[in-house]
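Worksheet: the structure to be examined is printed underneath.
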Amino acid sequence: MTITKDMSIMEIVMKYPKTIPVFQSYGMGCFG
1 MTITKDMSIM EIVMKYPKTI PVFQSYGMGC FG
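In this text, residue positions in the sequence shown follow the numbering used here: the first is 1, and each later residue adds one.
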């Protein structure tokens, strides 16, 4: 898994759905 600073959050979530709980833990829970 490689995530770079140039990737958008949506791109990360689409490629790596297991990252969703990490974003949710930081209050970013709008993935629908």
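Glycine included, each C-beta is placed from N, C-alpha and C at the ideal position.
Since this is a predicted model, take the numbers as computed values, not measurements.
Assigned secondary structure, residue i (DSSP; H/G/I helix, E/B strand, else coil)
i   : result
I9  : helix
M14 : helix
Limits of the unbroken alpha helix (DSSP H) element including residue i
i   : result
I20 : 20 to 25
Same chain only: Cβ atoms within 6 Å of residue i, ignoring 5 sequence neighbours per side
i   : result
I12 : I3, T19
M7  : none
Chain-order list of residues whose beta-carbon lies under 8 Å from that of residue i (same chain, five-residue window excluded)
i   : result
M28 : I9
Y16 : M1, I3
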